[in-house]
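**Q** So that we are looking at the same thing, I have put the structure below in structure tokens.
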Amino acid sequence: MKPFSYERPATPAEAIEAAARPGARIIAGGTNLLDLMKLGIEGPAHIVDINRIGLDRIEDTPEGGLRIGALVRNADLAAHPRVRQHYPVLTRALVSGASGQLRNKASVSGNLMQRTRCPYFYNTDMACNKRRPGSGCSAIGGVGHNFAVLGASDACIATHPSDMCVALRALDAVVEIESAGAKRSIAIADFHLLPGDTPHLETALQPGELITGIVLPSPLAGTQIYRKVRDRASYAFANVSMALVATVEHGEVVVERLAFGGLALKPWRVEAAERGPRDPDAIADIVLAGAKSCTETAYKLPLVSRMLAAALETVQ
């Protein structure tokens, strides 16, 4: 392993200052970064451990929503009474991800920042534009059934791995960020970036910035559902996942919010598919507009409609 220095700041301001050092990386739960370091994919010169800076509370907002501190653990967020009652799609997404042990350790800010699980990204013998910009993408034309069918480019076809972020996209969450002397908020819709020609730039977070929290708006009316199709029943990334909020109007089910995982390089939501067609196939056609699949990923396209149809049947 490449040698690195280690620092444990006591406040957010100290963490921001430390993170601005050249070659610095922030670590919270470490469930992604440590793996990448062991594999030689990441080689930070300086580790900034933020576990003692606070930011671990879940609080009501004046507008009736929730503010989730950046260091709240995934397991604690999933089990929180207000989340279970008013944002059940988020609870279900969280418990669909990883194992219980990992959820106990992983932070919500780390979940936002986790990198792709593309096998070519993890194999340092293969070309990967995320790992080494300009080196090429071995996944294109390679072997794999879990690549993106939406939002991809000639530089990258990896899928975003987070379940939590799919639910946050459906809920219109906002990410709070601080840097030296400044604060800003960014909608979850804009936080993750599509690859274009720069797939190594994965989020809108800038050097020297620290995620301090996630804000959920006031709860949505209706039934909230999270579904995930994966290769095995536990501890597997989504082939396709779906966060759905739906209501019933005049005896008909209406899709209020709809977001997907496993399809693209960021959580995928197409607002045009909401409060429009009632037929699952018609909704899926809108979601999948412009989709490009290969022989191994073609199964994802009909799966979208089937997942949606099955979920809508349970809405009351």
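Per this note's numbering, the very first residue in the sequence shown carries number 111; after that it's consecutive.
Note that the Cβ used here is the ideal one computed from N, Cα and C, for glycine as well.
None of the values given here were measured: they were computed from a predicted structure.
Using alpha carbons as the reference points, say which of L413, V158 and K112 lies closest to G150.
**A** Here residue 150 refers to the residue found at position 40 when the sequence shown is read from its first residue. Comparing Cα positions, the closest option is K112.
**Q** On the criterion of 16 or more Cβ atoms from any shown chain inside 10 Å, does A382 qualify as buried, or is it exposed?
**A** Counting from 1 along the sequence shown, the entry for residue 382 is found at position 272. By the 10 Å Cβ count, A382 comes out exposed.
**Q** Taking DSSP's pairing of strands, which residues face F370 in a bridge?
**A** The residue you call residue 370 lines up with position 260 of the sequence shown. Answer by DSSP bridge pairing, in chain order: M352 and W378.
**Q** Would DSSP call Q426 helix, strand or coil?
**A** Stepping through the sequence shown from its first residue, residue 426 is reached at position 316. It is coil, neither helix nor strand.
**Q** Within the region 307-350, note down every full beta strand (DSSP E) run reaching 3 residues or more, in order along the chain.
**A** Entirely contained in the region 307-350, the beta strand (DSSP E) runs reaching 3 residues are, in chain order, 320-326 and 333-340.
**Q** Counting beta carbon pairs with one atom in the region 191-211 and one in the region 167-181, are three or more of them shorter than 8 Å?
**A** Touching, per the Cβ criterion.
**Q** Flag this pair as yes or no: are the beta carbons of A280 and R367 separated by less than 8 Å?
**A** The sequence position of residue 280 within the sequence shown is 170, counting from 1. The sequence position of residue 367 within the sequence shown is 257, counting from 1. Cβ atoms of A280 and R367: closer than 8 Å.
**Q** Does G275 come out as helix, strand or coil in the three-state DSSP assignment?
**A** Position 165 of the sequence shown, counting from 1, holds the residue named residue 275. Rather than Gly, the amino acid found at residue 275 in this sequence is Cys. The answer is helix: DSSP assigns C275 an H, G or I state.
**Q** Rounded to whole angstroms, what is the Cα-Cα separation between K240 and G318?
**A** Along the sequence shown, one-based indexing puts residue 240 at 130. Along the sequence shown, one-based indexing puts residue 318 at 208. Their backbone Cα atoms lie some 20 Å apart in a straight line.
**Q** Ends of the beta strand (DSSP E) at H196?
**A** Your numbering for residue 196 matches position 86 in the sequence shown. Note, H196: premise wrong, no beta strand (DSSP E); alpha helix (DSSP H) at P191 to H196.
**Q** Considering Y409, what are the terminal residues of the alpha helix (DSSP H) in which it resides?
**A** If you number the sequence shown from 1, residue 409 lands on position 299. No alpha helix (DSSP H) contains Y409, which DSSP labels as neither H nor E.
**Q** On the DSSP letters alone, give me the boundaries of the beta strand (DSSP E) that A394 sits inside.
**A** Along the sequence shown, one-based indexing puts residue 394 at 284. Not the beta strand (DSSP E): A394 falls in the alpha helix (DSSP H), residues P390 to V397.
**Q** Specify, as a first and last residue, the run of the beta strand (DSSP E) that A134 falls within.
**A** By 1-based counting over the sequence shown, the position of residue 134 is 24. Note, A134: beta strand (DSSP E), A134 to I137.
**Q** Entirely within the region 153-195 and at least 4 residues each: give me those alpha helix (DSSP H) ranges in chain order.
**A** Here the runs fully enclosed are 184-189.
**Q** Evaluate the contact criterion for the region 297-312 versus the region 330-346: three or more CB pairs, one atom per stretch, below 8 Å.
**A** Counting Cβ pairs under 8 Å, fewer than three are found: no touch.
**Q** T405: buried (16+ other C-beta within 10 angstroms of its C-beta) or exposed?
**A** For the purposes of this step, residue 405 is taken as the residue at position 295 of the sequence shown. So T405 counts as exposed.
**Q** Less than 8 Å between the CB atoms is what I'm expecting for Q211 and N142, so what's the real figure, rounded?
**A** One-based indexing of the sequence shown puts residue 211 at position 101. One-based indexing of the sequence shown puts residue 142 at position 32. Wrong, their Cβ atoms sit about 14 Å apart, outside the cutoff.
**Q** May I ask which residues mark the beginning and end of the beta strand (DSSP E) holding A290?
**A** Walking along the sequence shown from the start, residue 290 turns up at place 180. Careful: A290 lies outside any beta strand (DSSP E) and carries neither H nor E.
**Q** Would you mind giving the Cβ-Cβ distance between H156 and G140, rounded to the nearest angstrom? I have them listed as a contact below 8 Å.
**A** Position 46 of the sequence shown, counted from the first residue, corresponds to residue 156. Position 30 of the sequence shown, counted from the first residue, corresponds to residue 140. Contact doesn't hold; Cβ gap of about 15 Å is too wide.
**Q** Leaving aside the five residues before and after L308 along the sequence, list all residues of the same chain whose C-beta is less than 8 Å from its C-beta, in chain order.
**A** The count along the sequence shown starts at 1 and reaches residue 308 at position 198. Going by the sequence as given, residue 308 is Thr instead of Leu. Hits under 8 Å: P243 and A265.
**Q** In whole angstroms, what is the alpha-carbon distance linking L311 and L418?
**A** Here residue 311 is taken as the residue at index 201 of the sequence shown, counted from 1. Here residue 418 is taken as the residue at index 308 of the sequence shown, counted from 1. The alpha-carbon atoms of L311 and L418 are separated by roughly 31 Å.
**Q** In whole angstroms, what separates the C-alpha of L398 from that of L260?
**A** Working through the sequence shown from its first residue, we reach residue 398 at position 288. Working through the sequence shown from its first residue, we reach residue 260 at position 150. The straight-line gap from Cα to Cα measures roughly 7 Å.
**Q** Please identify the residue among A314, V380 and N349 whose C-alpha is closest to the C-alpha of G372.
**A** For the purposes of this step, residue 372 is taken as residue 262 along the sequence shown, with counting starting at 1. The residue with the shortest Cα to Cα distance from G372 is N349.
**Q** With the cut-off set at 8 Å, would you say M274 and L320 are in Cβ contact?
**A** For the purposes of this step, residue 274 is taken as residue 164 along the sequence shown, with counting starting at 1. For the purposes of this step, residue 320 is taken as residue 210 along the sequence shown, with counting starting at 1. It is not a contact, given that the beta carbons lie outside the stated cut-off.
**Q** Look at the Cβ atom of K376, then the Cβ atom of H270, and state whether they are nearer than 8 Å.
**A** For the purposes of this step, residue 376 is identified with residue 266 of the sequence shown, where counting begins at 1. For the purposes of this step, residue 270 is identified with residue 160 of the sequence shown, where counting begins at 1. Taking 8 Å as the Cβ cut-off, K376 and H270 qualify as a contacting pair.
**Q** Identify whether A297 lies in helix, strand or coil by the three-state DSSP scheme.
**A** As a position in the sequence shown, residue 297 is number 187, starting the count at 1. A297: strand per DSSP, three-state reduction.
**Q** Which stretch, first to last residue, makes up the beta strand (DSSP E) that contains E117?
**A** Within the sequence shown, the letter at position 7 stands for residue 117. Start and end: S115 to E117.
**Q** Among A262, M147, S263 and A369, which one has its Cα closest to the Cα of L200?
**A** As a working note, residue 200 is residue 90 in the sequence shown. Checked all of A262, M147, S263 and A369; the closest Cα to L200 is A369.
**Q** Taking Cβ positions, are G323 and E286 nearer each other than 8 Å?
**A** For the purposes of this step, residue 323 is identified with residue 213 of the sequence shown, where counting begins at 1. For the purposes of this step, residue 286 is identified with residue 176 of the sequence shown, where counting begins at 1. Their beta carbons are under 8 Å apart, which means G323 touches E286 by this criterion.
**Q** Counting along the chain, where does the alpha helix (DSSP H) carrying D145 start and finish?
**A** Position 35 of the sequence shown, counted from the start, is the residue given in the question as residue 145. Looking at the DSSP string, the run of the alpha helix (DSSP H) that includes D145 is L143 to K148.
**Q** Taking the straight line between their C-alpha atoms, what separation do you get for R227 and A356?
**A** Locating residue 227 in the sequence shown gives position 117, counting from the first residue. Locating residue 356 in the sequence shown gives position 246, counting from the first residue. Their backbone Cα atoms lie some 31 Å apart in a straight line.
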